[in-house]
Structure formats: C-alpha cells, structure tokens
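Residue numbers (my numbering), protein chains in the order written: chain U, 56 to 365; chain Y, 134 to 509.
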Amino acid sequence: MSGAGKSAGALAIDVKGLTKRFGRKLAVDHIDIAVPEGEVWGFLGPNGSGKTTTIRMLCGLLRVDDGEGTCLGLDIRSEAEAIKRQVGYMTQRFSFWEDLSIRENLEFVARLYRLPDGRAKVEGTLERLGLVKRQAQLAGELSGGWKQRMALAACMLHDPKLLLLDEPTAGVDPKARRDFWEQIHALSEQGLTVLVSTHYMDEAERCDRIAYILNGKLVAQGSVGEVIEQSGLSTFVLEGAHVRHFLSELQGKPGVDYAGFFGAALHVSGRDRAALEAAIAPYRGRPAIAVSETPPNLEDVFILLQEEAK
Amino acid sequence: MSFSIARIYAVLVKEFLQMRRDRVTLGMIVGVPLMQLFLFGFAINFNPKALPTAVSIDDPGVFARSVAAGLRNSSYFEVVAVTNSPSGARRLLQEGKVLFVVEIPVNFTRDIVRGAKPDLLVEADATDPAAGGFAIAALNGIAAAALRDDLTGPLAARAQGPPPFNLVTHLLYNPESNTRYSIVPGLLAVILTMTMVLMTCLALTRERERGTYENLLAMPATPVEIMIGKIAPNIVIGAIQSAIILAVAKYVFAVPMIGSLPLLGLGLTLYIVANLAVGYTFSTLAQNQLQAMQMTVFFLLPSILLSGFAFPFAGMPRWAQYIGEVLPATHFLRIVRGILLKNNGAPEIWPDVWPLLLFTLAVVTLALARFRRTLD
Ligand SMILES: Nc1ncnc2c1ncn2[C@@H]1O[C@H](COP(=O)(O)OP(=O)(O)OP(=O)(O)O)[C@@H](O)[C@H]1O
Ligand SMILES: [Mg+2]
Chain U
56 MSGAGKSAGA LAIDVKGLTK RFGRKLAVDH IDIAVPEGEV WGFLGPNGSG KTTTIRMLCG
116 LLRVDDGEGT CLGLDIRSEA EAIKRQVGYM TQRFSFWEDL SIRENLEFVA RLYRLPDGRA
176 KVEGTLERLG LVKRQAQLAG ELSGGWKQRM ALAACMLHDP KLLLLDEPTA GVDPKARRDF
236 WEQIHALSEQ GLTVLVSTHY MDEAERCDRI AYILNGKLVA QGSVGEVIEQ SGLSTFVLEG
296 AHVRHFLSEL QGKPGVDYAG FFGAALHVSG RDRAALEAAI APYRGRPAIA VSETPPNLED
356 VFILLQEEAK
Chain Y
134 MSFSIARIYA VLVKEFLQMR RDRVTLGMIV GVPLMQLFLF GFAINFNPKA LPTAVSIDDP
194 GVFARSVAAG LRNSSYFEVV AVTNSPSGAR RLLQEGKVLF VVEIPVNFTR DIVRGAKPDL
254 LVEADATDPA AGGFAIAALN GIAAAALRDD LTGPLAARAQ GPPPFNLVTH LLYNPESNTR
314 YSIVPGLLAV ILTMTMVLMT CLALTRERER GTYENLLAMP ATPVEIMIGK IAPNIVIGAI
374 QSAIILAVAK YVFAVPMIGS LPLLGLGLTL YIVANLAVGY TFSTLAQNQL QAMQMTVFFL
434 LPSILLSGFA FPFAGMPRWA QYIGEVLPAT HFLRIVRGIL LKNNGAPEIW PDVWPLLLFT
494 LAVVTLALAR FRRTLD
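Rendered as structure tokens:
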C-alpha cells in the first residue's frame with residue numbers, strides 16, 4: 056500500500072459526530088473520520104447509506120447539522136471557502152458544462168482557481184488524457200466513461216491537497232480504472248490525501264484504509280485485513296456440480312449468517328464458527344463437492360453487515 | 134406504428150403526477166392570473182382623470198380665481214400647484230411633475246369685463262398624447278361653466294353664447310401629438326425589460342437543473358463574482374439591442390432625439406443592469422425553469438401595464454401608481470421620453486435615476502441574500 060506508514064503527521068480530515076438530517080431522515084449519523092495526510096481511504100457502503108452526503112459536508116456543500124471538525128486544518132463549518140480552494144471534489148453525477156468543449160471546461164476551472172500556469176496545466180491534462188485531438192468536442196457528447204475521466208482530470212487541475220472522489224470509476228473501463236489507481240497512488244506518494252467512495256471491492260483493496268458506512272453510521276474501519284478480522288467471520292466455500300441447489304437449504308440454518316454465490320462457488324459465512332461447521336458438515340464428503348475454508352473477503356463481510364442491519 | 138389509448142393514458146397519468154408534485158408552480162398557475170386580472174382590471178382606466186396640473190395666475194381678479202376653482206373642482210384635473218410665475222410652472226412641466234399648465238394672463242378679469250376675449254393658455258405635456266386628450270377637450274367647458282356663475286348683473290349677457298375667452302392650447306414636446314413619439318421610446322423600455330429579465334432569469338435555475346450548480350459551488354467562486362460574471366455579458370446584449378431600437382426609432386419612425394445621447398446611454402445602462410438584476414434574483418428564487426418563467430411574466434405584465442407605457446400613468450388610481458413607482462420601466466420611460474422629446478438634462482432626470490439605483494441595490498441585495506452557498 057502506497058501511503059501507509061508515512062502517516063505520522065497531521066490529519067487531512069478530522070471530523071467528529073458529523074450529522075446530517077433531511078427532514079426527519081438521518082442521512083449521516085454522528086460519523087467520526089480521521090484520515091492522516093497522504094493516505095488513500097476507501098469509502099464504502101450500500102446505496103443510500105450516506106457517502107455522498109458525508110463528502111458534501113466535508114467540502115462545505117451541505118450544512119452540518121451536528122458535529123465538528125477540520126479538513127486540511129480548516130474548520131468545516133466556518134472555513135468552507137478556504138477548504139474549497141485546496142480540495143478537489145468530483146461529484147457522483149457528471150457536473151461539468153455539457154455545452155462547453157472539453158478544453159473550455161478545463162480552462163474555466165483553471166481560471167476559477169486563478170492558476171498562474173493554467174494554460175500549461177490544461178495542455179498537460181489534455182495530453183495525459185489523450186484528448187488533445189478531441190479537445191474541441193462538447194463535454195456532453197463524451198461517452199459516460201470519458202466524462203468521468205474528464206471530470207477527474209478537471210478536479211485535479213489545481214493540485215489539491217485533498218481529493219474527495221465520489222464514485223470516480225463508475226462506468227469506467229478496466230484499463231482506465233487501472234490507470235486511475237496508478238495515478239492516485241503516485242499522487243499519494245507525493246503527499247496527496249484521497250477519500251474515494253466506491254462500490255468495487257478490488258478498489259477497496261487498493262486503499263490504505265477503508266471506512267464502511269451503513270444507514271448513516273460508520274460500522275467498520277481500518278485496513279482491509281483489519282475490517283475482515285474485526286468481523287470475526289469464517290467462510291467456507293462449496294464448489295462442485297450441484298452446489299446451486301444447496302443455497303436455499305443453507306440459508307437460515309443456525310450458524311449460517313450469510314450464504315451466497317461468489318462466482319460459481321457458494322460462500323457460506325458465519326460468526327459462530329462451531330455452529331457454522333455444524334451446518335456445513337452434511338455436505339462434507341459428498342461426491343463431486345469440494346468444501347474448503349477460505350479467508351473471508353471484503354464482499355462477504357459487507358454483505359453480512361448489510362444483512363445484519365435489516 | 135400502432136395507436137394506443139392505453140399508452141396515451143400512461144403518458145397522461147405521468148404528466149398529471151409530475152404536475153401535482155410541483156405545488157409552487159401549480160399555485161402560481163392559478164394565483165398569478167387571478168392577481169393580474171384584479172390588479173389590472175381595477176388599475177387600468179382609458180379615460181384618465183385627476184391629471185396633475187399647475188395653475189399660473191397673473192391676474193388678481195375674481196374671474197381668474199373662478200377658473201382656478203373650476204379646475205380644482207373638476208375630476209379631470211388635480212391642481213397640484215398654484216403659482217404666479219409662468220416659468221416656475223413651466224419647470225414643473227419639464228420635470229414631469231405636472232401634465233398641464235393653465236396660465237391665466239394679466240388682466241384676464243378686466244378683459245372679460247370689457248368683452249375683449251382674453252386668452253386662456255393651456256400648455257400640455259404631449260410626450261404621451263393619450264394622457265391629455267379628454268382633459269383638453271373638457272377644459273373649455275369647465276372654464277366656461279366656472280365663469281357662468283360670476284357673469285351676473287350687467288355681464289349676464291356674456292353668460293350666454295360662446296365662452297368669453299379664447300382657449301389657446303400649446304402641445305409641448307410633441308406638437309403634432311404623434312403617438313409614435315411616445316410609443317417608440319416606450320417600446321425601448323418594454324422590449325429591454327422583457328429580454329433582459331429573460332436573459333438572466335434562468336442563470337442559476339439552469340445550473341441547478343443540469344446539476345452543474347454543485348460543481349460551481351464546490352469551486353472557489355463567491356456569490357458576488359458569480360452574479361457579476363453572469364450579468365455582465367448581457368449588458369453588451371442590452372447595448373446592442375438598444376442601439377438597434379434607437380436606430381429604428383430614428384430612421385424608420387422619425388422619433389425626434391433632441392436630448393443628450395450620452396445621458397441616454399447612462400440611463401440605458403442603469404436600466405439594463407436593473408432588469409438583469411431582477412432576472413438574476415428570480416433565478417435565485419425559482420426551483421425550476423417553469424417557476425422562473427412565471428416570475429418573469431409576473432414582472433413583465435405590470436412593467437407594460439402600470440409603467441405608463443400602455444396607459445397614462447397619471448390616470449391610474451393612487452395605489453396602482455405606487456406599484457408603478459417601484460418598477461424600473463416606469464422611471465426609465467420617463468427618463469427616455471424626457472431626454473428624447475423634452476431635452477431633459479441630468480437635473481431633470483435625477484428624480485427618476487435614484488429610484489432606479491435604489492431598486493437595483495435592493496434587488497441585488499436580495500439576490501445575494503438568497504444565493505444558496507450550499508445544496509440544502
Ligand atoms: N437532497 C436530499 N433530500 C432528501 N434526502 C436526501 C437528499 N440527498 C440524499 N438524501 C437521502 O440521504 C441518504 C443518503 O444519501 P447519499 O446520496 O449520501 O447516499 P450514497 O451513500 O451516496 O448512495 P449511492 O451509493 O447510491 O450514491 C439517502 O437515504 C437519500 O435518500
Ligand atoms: Mg452517492
């Protein structure tokens with residue numbers, strides 16, 4: 056992991072009790088996050104769990120109902136304007152001007168931040184994106200993935216110290232996703248802090264740490280290993296010809312907290328190892344079925360957390 | 134292609150549902166026309182009465198006083214000033230404080246007694262010919278009737294027959310009562326208000342609907358910067374439009390332009406900014422584009438109907454005049470007619486300049502106060 060270990064210093068994000076209500080609904084419920092400078096944090100959670108809302112509060116786009124804290128040492132309540140100047144925020148929904156060309160969008164951003172070397176920055180970005188030839192194309196005409204890539208480039212134009220990225224790779228092809236993460240790690244080597252929300256487990260595993268939010272509450276955080284460890288989960292894998300038929304049998308058995316497919320294999324997980332073993336026992340030794348234990352992966356843990364919250 | 138009632142029904146239901154969700158717009162759709170109907174139904178008067186008038190009396194005699202009293206009692210005129218200086222009365226006319234000056238000359242009484250038929254001079258501000266027509270027609274009768282009661286005893290014979298004076302009418306600023314001269318400059322006011330408000334009323338609403346507002350807010354631009362940046366380009370458009378309208382006014386409609394063009398330019402700039410600010414304020418208030426358009430219409434109608442453009446301002450009821458006084462179009466209409474037709478200078482237009490300034494300031498303040506720096 057790129058940034059791990061060098062996080063001795065200050066915190067780029069340090070908030071406590073962050074809360075947001077929409078009417079009666081608690082969208083974000085007393086969240087504490089402390090992200091050391093230079094680390095890459097993954098922000099995970101099911102749809103509607105409050106990721107976007109949290110990120111918006113961090114960069115001053117939503118009023119904080121309760122709680123306090125700092126971003127880059129600046130108070131999120133009173134110094135939002137100063138925070139904006141040093142933060143790069145990429146919105147979940149494409150929010151650049153579709154009736155401006157790619158270049159015009161980038162130039163607009165460069166001017167708003169009053170970048171002294173704005174021209175060079177724009178040229179460099181166009182080149183890196185491979186969009187030099189298409190720079191005159193309207194942003195609205197770009198394909199979904201290219202929109203994401205342009206947006207990401209635009210929000211990094213002013214060399215922010217902190218990146219808040221809301222699902223930056225949704226709809227982006229695998230190669231571009233890999234390039235994106237290489238870029239993120241390179242930037243983090245230079246001291247940039249990143250909080251990136253995602254639904255991809257492989258991306259979560261590329262982060263120094265992850266924070267998992269559920270119904271507005273932060274329910275797990277730490278390195279991927281730690282989160283898995285904290286869950287106390289054991290997982291068995293059933294593979295073979297007819298494992299598909301076992302799913303309904305296994306669901307709801309004592310000891311089985313969660314059973315589901317992972318690829319073609321059936322994953323059966325539970326916190327109570329003894330009970331789980333008992334539940335699995337009937338399938339052991341059957342012909343054409345292989346039962347083995349596997350370290351639980353992040354997806355198992357998250358799905359379990361989500362199931363438990365129901 | 135097949136035709137399906139069921140599918141029409143599907144679309145219909147969807148539209149109704151969406152309509153119902155937008156309560157504010159729905160309220161506006163019902164409320165705005167009602168309000169406008171009552172507002173204009175009561176405010177508009179094709180036969181204007183109580184027109185502000187100055188009486189200049191040079192004659193201490195009894196007949197002069199009778200004529201003045203007759204004017205005061207008539208419903209057409211409202212005597213707002215009685216003076217003995219014709220030049221003072223003229224200044225009131227120039228400043229637009231009165232529409233008429235009735236001048237009773239020296240020896241008016243003596244000449245009537247002698248049967249010499251003195252002149253009764255009426256000067257009318259014809260920049261808006263529609264305002265004065267009825268009143269001037271009525272004046273002869275009013276003055277004659279006022280004198281009739283005084284013509285007793287030896288003079289009783291004069292009470293019969295033609296009036297014992299000559300009514301002399303001077304139509305000032307627009308001697309031929311050419312309605313184009315008043316309407317074309319008025320159109321400048323109305324067209325500008327229409328396009329300028331429309332230009333900016335979607336300024337922020339559009340950003341909000343397209344989702345770009347979040348991005349704009351996430352970047353370091355202050356509300357004032359955004360407002361100026363969004364208003365300024367439209368000033369150029371307003372300037373181009375003004376130039377076109379003024380050129381057509383001059384070369385096609387032959388509207389006289391006797392006043393100072395730089396002064397007019399100044400007034401135009403102020404007026405354009407005022408209207409752009411109104412539109413921008415609407416865009417900070419409206420939730421969606423439909424609401425922004427409704428607000429714009431809500432503003433445009435009184436600007437046309439209560440500003441003195443469509444109907445004479447002086448003829449409206451007092452409360453409607455108060456509403457009119459708030460509108461930029463009212464003041465700009467006076468400025469532009471004043472400069473073009475009356476050769477008004479800075480001192481004469483100042484009474485209409487400061488309300489424009491005040492209006493702009495108030496609207497801008499509201500816009501900045503309503504500008505939401507957050508998404509909630
Ligand atoms: N403007 C709003 N008004 C009312 N409720 C809102 C608003 N924005 C978000 N919410 C609610 O707040 C909760 C959190 O939403 P949020 O967008 O933060 O979720 P998320 O974790 O980003 O989800 P996703 O993964 O789908 O992007 C949801 O229940 C959502 O319905
Ligand atoms: Mg989201």
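Just so it is clear, CB atoms sit at the ideal spot from N, CA and C, and this is done for glycine as well. These numbers come from a predicted model, not from an experiment.
Need the endpoints of the alpha helix (DSSP H) that residue 257 of chain U sits in, please.
Along the first sequence, one-based indexing puts residue 257 of chain U at 202. Element bounds for residue 257 of chain U: 256–260.
Which parts of the segment 205–262 of chain Y are runs of the beta strand (DSSP E), unbroken and 3 residues or longer, counting only runs that do not cross its ends?
Runs of beta strand (DSSP E) with 3 or more residues, each lying fully within the segment 205–262 of chain Y, are found at 210–216, 233–237 and 252–258, listed in chain order.
Are the CB atoms of residue 413 of chain Y and residue 364 of chain Y nearer to each other than 8 Å?
Position 280 of the second sequence, counted from the start, is the residue given in the question as residue 413 of chain Y. Position 231 of the second sequence, counted from the start, is the residue given in the question as residue 364 of chain Y. For the pair residue 413 of chain Y and residue 364 of chain Y, the CB atoms are nearer than the 8 Å cut-off.
Quick one: what's residue 303 of chain Y bridged to in DSSP?
Within the second sequence, numbered from 1, the residue matching residue 303 of chain Y stands at position 170. According to DSSP, residue 303 of chain Y bridges with Y:256.
Looking at ligand 2, does it come within less than 7 Å of residue 106 of chain U, judged from the CB to the closest heavy atom?
Walking along the first sequence from the start, residue 106 of chain U turns up at place 51. Result yes, Cβ under 7 Å from ligand 2.
May I ask you to report which of helix, strand or coil DSSP gives residue 72 of chain U?
What you label residue 72 of chain U is simply residue 17 of the first sequence in a count that begins at 1. Three-state result, residue 72 of chain U: strand.
By the 7 Å beta-carbon criterion, what residues does the segment 124–148 of chain U contribute toward chain Y?
136, 139, 140, 144, 146 and 148
Any chance the segment 73–87 of chain U sits against the segment 263–277 of chain U, with 3 or more Cβ pairs inside 8 Å?
yes
At the 8 Å Cβ level, is residue 220 of chain U part of the contact set with chain Y, yes or no?
As a working mapping, residue 220 of chain U is identified with position 165 in the first sequence. No, because no Cβ of chain Y sits closer than 8 Å to the Cβ of residue 220 of chain U.
Figure out for me which residue from U:345, U:363 and U:244 has the closest Cα to the Cα of residue 294 of chain U.
Residue numbering aside, residue 294 of chain U sits at position 239 when the first sequence is read from its first letter. Comparing Cα positions, the closest option is U:345.
Taking 8 Å as the threshold (beta carbon to beta carbon), is residue 350 of chain Y in contact with chain U?
Here residue 350 of chain Y refers to the residue found at position 217 when the second sequence is read from its first residue. Chain U contact via Cβ: present.
Using alpha carbons as the reference points, say which of U:93, U:328, U:239 and U:185 lies closest to residue 349 of chain U.
Here residue 349 of chain U refers to the residue found at position 294 when the first sequence is read from its first residue. Cα-wise, what sits closest to residue 349 of chain U is U:328.
For chain Y, find out if any of its Cβ atoms is closer than 8 Å to the Cβ of residue 151 of chain U; answer yes or no.
To locate residue 151 of chain U, count along the first sequence from 1; it is residue 96. Cβ-Cβ to chain Y under 8 Å: yes for residue 151 of chain U.
So that I know if they touch, is there some Cβ in chain Y lying closer than 8 Å to that of residue 168 of chain U?
If you number the first sequence from 1, residue 168 of chain U lands on position 113. So, interface residue.
Quick check: residue 315 of chain U and residue 330 of chain U, are their CB atoms within less than 8 Å of each other?
By 1-based counting over the first sequence, the position of residue 315 of chain U is 260. By 1-based counting over the first sequence, the position of residue 330 of chain U is 275. Not in contact: residue 315 of chain U and residue 330 of chain U (Cβ atoms no closer than 8 Å).
Roughly how many whole angstroms lie between the Cα atoms of residue 94 of chain U and residue 181 of chain U?
What you label residue 94 of chain U is simply residue 39 of the first sequence in a count that begins at 1. What you label residue 181 of chain U is simply residue 126 of the first sequence in a count that begins at 1. Residue 94 of chain U and residue 181 of chain U: Cα-Cα distance of roughly 27 Å.
Can you tell me which of the three DSSP states residue 168 of chain U falls into?
Translated into the one-based positions of the first sequence, residue 168 of chain U becomes position 113. Coil at residue 168 of chain U, not helix or strand.
Looking at chain Y, is there any beta carbon in it that lies within less than 8 Å of the beta carbon of residue 83 of chain U?
Position 28 of the first sequence, counted from the first residue, corresponds to residue 83 of chain U. No - not a single Cβ of chain Y is within 8 Å of the one on residue 83 of chain U.
Please work out which residues of its chain come closer than 6 Å, Cβ to Cβ, to residue 261 of chain U, disregarding the five sequence neighbours upstream and downstream, and give them in chain order.
Residue mapping note: residue 261 of chain U aligns to position 206 of the first sequence, counting from 1. Non-local C-beta neighbours of residue 261 of chain U in its own chain, meaning closer than 6 Å and more than five positions away in sequence, comprise 236, ordered along the chain.
Quick one: which unbroken beta strand (DSSP E) runs of 3-plus residues sit fully inside the segment 105–143 of chain U? Chain order, please.
121–126
Short of 8 Å Cβ to Cβ, which residues in the segment 351–363 of chain Y face chain U?
351, 352, 353, 354 and 355
Based on the DSSP output, what are the partners of residue 151 of chain Y in its beta bridges?
Against the second sequence, residue 151 of chain Y aligns to sequence position 18. Residue 151 of chain Y is not bridged to any residue.
Would you verify that the beta carbon of residue 347 of chain Y is, or is not, closer than 8 Å to some beta carbon of chain U?
The residue labelled residue 347 of chain Y in the question sits at position 214 within the second sequence. True, the Cβ-Cβ gap to chain U drops below 8 Å.
Please list the partners that residue 114 of chain U has in chain Y, where partner means a Cβ-to-Cβ separation under 8 Å.
Residue mapping note: residue 114 of chain U aligns to position 59 of the first sequence, counting from 1. In chain order: 351.
If you measure beta-carbon to beta-carbon, which residues of the segment 248–259 of chain Y are closer than 7 Å to chain U?
Shown here is that no member of the segment 248–259 of chain Y has a Cβ falling below 7 Å from a Cβ of chain U.
DSSP three-state call for residue 60 of chain U: helix, strand or coil?
Sequence index remark: in the first sequence, residue 60 of chain U carries index 5 (1-based). A caution first: residue 60 of chain U carries a pLDDT of 41, below 50, which makes its placement in the model too unreliable to give a value.
DSSP on residue 274 of chain U, reduced to helix/strand/coil?
Reading the first sequence from its first residue, position 219 is the one you call residue 274 of chain U. Three-state result, residue 274 of chain U: strand.
Return the chain-ordered ranges of every alpha helix (DSSP H) run that is complete within the segment 134–205 of chain Y and spans a minimum of 4 residues.
Runs of the alpha helix (DSSP H) inside the segment 134–205 of chain Y: 138–154 and 156–176.
Return the CA-CA distance between residue 132 of chain Y and residue 151 of chain Y, expressed in angstroms with no decimal places.
With chain Y running from 134 to 509 in the structure shown, residue 132 of chain Y is simply not present.
Counting Cβ pairs closer than 8 Å, one from the segment 351–361 of chain U and one from the segment 288–302 of chain U, do we hit at least three?
The answer is yes - the segment 288–302 of chain U touches the segment 351–361 of chain U, with three or more Cβ pairs under 8 Å.
Whole angstroms are fine: how far does the CA of residue 298 of chain U sit from the CA of residue 208 of chain U?
Numbered from 1 along the first sequence, position 153 holds the residue referred to as residue 208 of chain U. Numbered from 1 along the first sequence, position 243 holds the residue referred to as residue 298 of chain U. Taking the straight line from one Cα to the other gives about 46 Å.
In chain order, what residues of the same chain lie with their CB nearer than 6 Å to the CB of residue 187 of chain Y, ignoring the 5 residues before and after it?
Start at 1 with the first residue of the second sequence, and residue 187 of chain Y comes out as number 54. Cβ within range, chain order: 214, 222, 225, 231 and 234.
When you compare only the Cα positions, how much space is there between residue 223 of chain U and residue 253 of chain U?
Counting from one through the first sequence, the residue named residue 223 of chain U turns up at place 168. Counting from one through the first sequence, the residue named residue 253 of chain U turns up at place 198. C-alpha separation (whole angstroms): 8 Å.
Please indicate yes or no: does the CB of residue 203 of chain U lie closer than 7 Å to some heavy atom of ligand 2?
As a first step, residue 203 of chain U must be located in the first sequence, where it is residue number 148. Taking 7 Å as the cut-off, the C-beta of residue 203 of chain U does not count as close to any heavy atom of ligand 2.
Tell me the DSSP secondary structure of residue 89 of chain U in three-state form.
The count along the first sequence starts at 1 and reaches residue 89 of chain U at position 34. For residue 89 of chain U, the secondary structure class from DSSP, reduced to helix, strand or coil, is strand.
Within 8 Å, do at least three Cβ pairs link the segment 443–457 of chain Y to the segment 261–268 of chain Y?
yes
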